[in-house]
Amino acid sequence: MNMLYLQETHAFAQQNQNQSMLAIILKELRSYARSRKYLRLHFLTLSVLTLLLFVATVEFYAQSRTGAAVDVGKQTYTLFIVALFLTQFFVPRHAVEALHSEATNGALLRLTPLSNWHILAGKLSAVVFWELWRIWLTVPLLALSSYIGGFALPQLLKCGAVLIMSCLLFAQTGISFACWHLPIRAKSISYGVVLLITFLPLIPNAPAMLEAMSPLCALLSILRSEPTQLWVWHVALSCVLSVLLFCVSAMRNA
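Here it is in structure tokens:
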């Protein structure tokens, strides 16, 4: 009887923790939706991406009419997808600010039955969901590739997987350094790491491991239809690094 009671109590506590973590995610998402800063950022990035798609289509089409060997669809959407990836450089800053708000409201959160890793997971999930929402809003623009040409659906899905994992890794990077440093320093270090893993592998004769770490290299390998499975290695490596960083952050925040 006592064992059954303990099991029921544990299950009830676990259910309350899961509900509380979901409440944190929803609270964070509502605060982002009410924030003019984040709404303006979404509007600005979508406007720039839409304008870029239109201008690139017109420019590449004009070049093709002059007799130049230009694949309008592929050139346009290569530029668009790379630009979409570059907008994710806002993610580390957002993640640092999210954890800093947790430090501000830490006394209230500690009144809940949530453990530190539940709080971190809730903050991380909210940042990733909010940033992925911006990517989801670009789906209608990607759907236009059926009219002007571009990439096949499997290629777009592979690019989507890389974008999702890079968003998760960038967010976890920001949160991890925010656990160790003050916001300004955490943002600086996070951006240094993100820029390093993104652009360092573009150096000629860079080691293959560095290329697997770079989301930009993974995207370019997909867009160029290269036979290598670099994007698979990138997704797997990003997943492992995100889990390791999360575990270290949870122990630091304990």
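Okay, so the sequence shown: first residue is 569 according to this note's numbering, each after it adds one.
Glycine included, C-beta positions come from ideal geometry on N, C-alpha and C.
What residues in its chain sit with their C-beta under 7 Å from that of residue i, if we drop five residues either side in the sequence?
i, result
"residue 778", "768, 769"
"residue 765", "781, 782"
"residue 798", "779, 780, 785, 786, 789"
"residue 817", "688, 743, 744, 747"
"residue 696", "735, 736, 739"
"residue 616", "none"
"residue 705", "614"
"residue 796", "789"
So, for residue i: in the same chain, excluding its five sequence neighbours on each side, which residues have a beta-carbon less than 6 Å away from its beta-carbon?
i, result
"residue 629", "640"
"residue 806", "733, 737"
"residue 791", "646"
"residue 690", "589, 592, 593"
"residue 685", "818"
Once DSSP output is grouped into helix, strand and coil, what is the label at residue i?
i, result
"residue 749", "coil"
"residue 779", "helix"
"residue 602", "helix"
"residue 789", "helix"
"residue 797", "coil"
"residue 772", "coil"
"residue 630", "helix"
"residue 719", "coil"
"residue 706", "coil"
"residue 638", "coil"
"residue 692", "helix"
"residue 712", "coil"
"residue 582", "Interpretation of residue 582 is limited by its pLDDT of 49, a score under 50 that renders its predicted location unreliable; no figure is taken from the coordinates."
Are residue i and residue j touching if we call contact CB-CB under 8 Å?
i, j, result
"residue 742", "residue 664", "yes"
"residue 645", "residue 714", "no"
"residue 771", "residue 693", "no"
"residue 659", "residue 735", "yes"
"residue 621", "residue 750", "no"
"residue 613", "residue 655", "yes"
"residue 763", "residue 653", "no"
Could you pull out every residue in the same chain whose Cβ sits closer than 8 Å to the Cβ of residue i, ignoring the five residues on either side in sequence?
i, result
"residue 717", "639, 640, 641, 642"
"residue 597", "694, 697, 698"
With a threshold of 7 Å, establish whether the CB of residue i neighbours any heavy atom of the ligand MN.
i, result
"residue 613", "The model on display carries no ligand, and the ligand MN is accordingly not part of it."
Does the segment 645-662 come into contact with the segment 724-738, if we say contact requires no fewer than three beta-carbon pairs (one atom in each stretch) closer than 8 Å? With the cut-off at 8 Å, the segment 645-662 and the segment 724-738 touch.
Three or more C-beta pairs below 8 Å linking the segment 753-762 and the segment 693-706: no
Cβ contact (3+ pairs, closer than 8 Å) linking the segment 599-606 and the segment 619-626: no
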